[in-house]
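Colleague: For what it's worth, this note's numbering labels the leading residue of the sequence shown as 2, then goes sequentially.
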Amino acid sequence: MELLQILHNPGREYTPIPFWFLNGDLTHEEIRAQLRDFCDHGVYGVVLHPRMGLSDDIRYLSPRFFSYIRTALETARELDMTVVLYDEAMYPSGSASGQVVEGHPELASQGLALVEKAQPGDEVVAGTAEGVLVARPTGGTIRGVHWDEEDGAPHAPASADILNPEAVARFIHLTHDAYYREFQEYFGSTVLGFFTDEPSITGRNVGNVFPWTRGFAGIFAAAGGNAAELTALFRGEENDGTRLYWRTLLERENEVYYGALSRWCGDHGIALMGHPDKSDDIEREARFHIPGQDLVYRQVSPEKGGLLGSDSTQGKCSADAARLMGCRRNSNECFGACNRDSNPWHLPGEDIKWFLDWLAVRGVNLFIPHAFYYSIAGERSQERPPDVGPNNIWWPHYRQWSLYMRRLSCLMTDAELHVETAVLCRNRELVPETVAELFQKQIGFQYLPQNVWGECTVEDGALACRERRYKAVLGPAELFPGANRDLSAVEPDCRCGEPQPMLRTARFTRCGTECWFLVNEGEEMIDTTLALPTDRPVGQYDLWTGQVCRFGGRLRLPRRGSLLLFACEGGDWEALPEERGDVLLLPAPVFTLVSEDAEAVQKVYEATITATPELLAGPSAVLEVRAEEMAELSVNGQPVGVGFWAPQRFDLLPCLREGENRLQLTVTGSLANRYGRPVPYGLR
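#1: Buried or exposed for His174, please, with buried defined as at least 16 other CB atoms from any protein chain shown within 10 angstroms of its CB.
#2: Suppose you measure from the CA of Gly434 to the CA of Ser313; what does that come to, to the nearest Å?
#3: Hey, how far is the Cα of His643 from the Cα of Glu522?
#4: Glu238 to Ala157, Cα distance in whole Å?
#5: With C-beta atoms as the reference, is Ala568 less than 8 Å away from Glu515?
#6: To the nearest angstrom, how far is the alpha carbon of Leu653 from that of Gly619?
#7: Between the alpha carbons of Ile32 and Tyr69, how many angstroms are there, rounded?
#8: Given Pro155, which residues of its chain have a CB within under 7 Å of its CB, disregarding the five upstream and five downstream residues?
#9: Would you report the Cα separation of Ala507 and Glu499, rounded to the nearest angstrom?
#10: Taking only the alpha-carbon atoms, compute the straight-line gap between Gln300 and Ser311 and give it to the nearest angstrom.
#11: Between which residues of its own chain and Asp358 is the CB-CB distance below 6 Å, once the five residues before and five after are set aside?
#12: May I have the straight-line CA-CA distance separating Arg60 from Phe66, to the nearest angstrom?
#13: Check for me: the beta strand (DSSP E) holding Lys279 runs from which residue to which?
#14: Return helix, strand or coil for His398, following the three-state DSSP convention.
#15: Can you find a CB in chain C that lies within less than 8 Å of the CB of Asp342?
#16: Give the single residue among Leu27, Glu75, Val48 whose Cα lies nearest to the Cα of Asp57.
#17: Within 10 angstroms of its Cβ, does Gln447 collect 16 or more other Cβ (buried), or is it exposed?
#18: Can you give me the C-alpha to C-alpha distance between Glu75 and His147, rounded to a whole angstrom?
#19: Could you please give me the residues that DSSP links to Lys604 through a beta bridge?
#20: Buried or exposed for Val623, please, with buried defined as at least 16 other CB atoms from any protein chain shown within 10 angstroms of its CB.
#21: What span of residues does the beta strand (DSSP E) with Ile527 cover, start to end?
#22: Should Leu488 and Ala473 be called a contact, given that it needs their Cβ atoms to be closer than 8 Å?
#23: Could you give the C-beta distance for Val48 and Phe196, rounded to a whole number, given that I count them as a contact under 8 Å?
#24: Identify the continuous beta strand (DSSP E) that holds Val641 and give its terminal residues.
#25: Contact between the segment 225-235 and the segment 107-116 is defined here as three or more beta-carbon pairs at a separation below 8 Å; is this criterion met?
#26: Could you tell me the distance, in whole angstroms, from the CA atom of Ala322 to the CA atom of Trp517?
#27: State the beta-bridge partners of Asp652 as determined by DSSP.
#28: Whole angstroms is fine: what's the gap from Met631's alpha carbon to Pro345's?
#29: From the DSSP output, in three-state form, read off Leu234 for me.
#30: Over the uninterrupted alpha helix (DSSP H) stretch that includes Cys318, give me the two end residues.
#31: Can you check whether the CB of Thr129 is closer than 8 Å to the CB of Leu249?
#32: Cutting at 7 Å between CB atoms, please list the residues of its own chain near Tyr180, excluding the five before and the five after it.
#33: Restricting to Cα atoms, I'd like to know which of Ile7, Phe481, Leu8, Val44 is closest to Trp1.
#34: Using the Cα positions of Phe221 and Trp213, report the straight-line distance between them to the nearest angstrom.
#35: With DSSP collapsed to three states, give me the class of Leu80.
#36: So, with DSSP's three-state summary, where would you put Met631?
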């Protein structure tokens, strides 16, 4: 089958493209060496991200800075790697590390403040009973790339007014035009896109102000706004004026900032990538050629679950926006500062697996891990940790991780999603409470944001939009009153023998094959009968191991489990191996701790096991251990495998011999034990 062929060895275009923090004393030799190392571990793309800790004598956008970017691009081309350029020195984007404002103070971020008395230089917007509404510079900054440019530091770069077309034009001239002037021969080939990162209208570290720009008072009034009503912003209240304010403000940001960047990237043969500053900014996604979002700070997580709050909508936000726009890819900058318990570097592999599956089953198909560090020397190791690549414990085995990400990306790219439910939503109102029930009942849905409502029609109770028909609609009753609101008209993606609220599904067609991607978001095994809406025989493919076999109708999906089911033609199904029955679990031997290396955060255990002829004649001999966190097993000196989350399972049969066998288990713990607060590791 074509589907299995491409999943077995997915192409390089599906590679994860990690942020590569250029955060040290750069050398051309080290840049080349690290890129080769990435490639050797199955990583065929990077985001070139200037980052805090960059050597003080390397100034952003200087000839020397560009010389290192050129070395990275030349090396990437030689290695057939993809590069995404980053449009700022740190973040948020839009200021060119303060250069937009240098010599042009009128281009600094502006804000709306409520004060007792206007000061010289203030623009009075309205006098009210509660005080004077004035527009003034916010004094906002961005994070820079040198230690004296951090938040609160004396040289933190000034943020620019990204609602001002003049400021945005200067930003583009300083950054995008400069990159194109230096490296135009790479655009559209090695260079995939420009990444813009959560632009902020006010900048960081500002007081009680709200976004504004010069001339916005007239724009707001022309839209029918009463400026005096905006005092409600400072009370945390909502009224007609505040709703109009936010809508008008975001429309201006969409056109002035995102629109300008989108047009520039399109004109230069590359994609606008990155993400807006809110997880549910679905209408901002329309300007991106590759819509994106940002999973950060454990906004969702195994312990919180994945269905609560506005951040829980981000996976569907970018994926559904991409589907509406006809974009093949949508991305997520994932894992940033997702360490557990605010403990630097404590981000176990089992959490990364959960995050990847959480994103993929919602339709994300381009992973941008945050981050691979050029250097972790000194303070750099504490700058938004952890490194999730070459400086972490799993790097020797990273090809398994990169292959899994490529398989997920390949599976969810060019997939035609099967959905019968539309969820009407407004920008920044993606109704997580409403869609939670759909996830828990395995009902696929498509967000339809307000900017496409004008294209929707009701036909015989179904809602039609952009060549799709939805049998059921969720949303305000006054919208499309003739549309069916009854979910009983909708067929779920699958039917379980009993309710499975932690089972997530995506139903789609890929390579002409009907597919169901299943993910266990819970902590307990899912064990249930499963009926799929197809008359064809069904196969199953484990995207983590690459194992394929027939599906017998019972789903056994462990914690951190994911599985692809696919409908087969009769001949294809007959060619599949039979599904293995219950796995033979060996009695757990007694492991003895024989050595410990605190610096390496490793414990080594040994045990023996006796293999009988009957055992050696069986189909498998599986040993299960529970270790925190990465466990590598060898039998008689031969490596058996590695497990990244408990329970770790190893099939010993290929390495066993009759009689006594020596087992060695090496458990490597979290690098929080080196760079953060100690956490337990070893056998549980």
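Yeah, the Cβ is synthetic: ideal placement off N, Cα and C, and Gly gets one too.
Modeller: By the coordinates alone:
#1: exposed
#2: Note on identity: in this sequence residue 434 is Glu, with Gly being the wrong assignment. Their Cα atoms are separated by approximately 10 Å.
#3: The sequence given here has Val at residue 643, not His. Rounded to whole angstroms, Val643 to Glu522 spans 22 Å at the Cα level.
#4: 32 Å
#5: yes
#6: 11 Å
#7: 8 Å
#8: Asp149
#9: 19 Å
#10: 9 Å
#11: Val520, Ser563
#12: 6 Å
#13: Unbroken run through Lys279: none, as it is neither H nor E.
#14: helix
#15: Included in the structure is just one protein chain, with no chain C present.
#16: Leu27
#17: buried
#18: 26 Å
#19: Glu597, Val668
#20: exposed
#21: 527-532
#22: yes
#23: 6 Å
#24: 639-644
#25: yes
#26: 21 Å
#27: Val623
#28: 18 Å
#29: helix
#30: 315-326
#31: As written in the sequence, residue 249 is Thr, which differs from the Leu given in the question. Contact: no.
#32: Leu86
#33: The chain is shown only over 2 to 685; residue 1 falls outside these bounds and no answer can be derived.
#34: 10 Å
#35: coil
#36: strand
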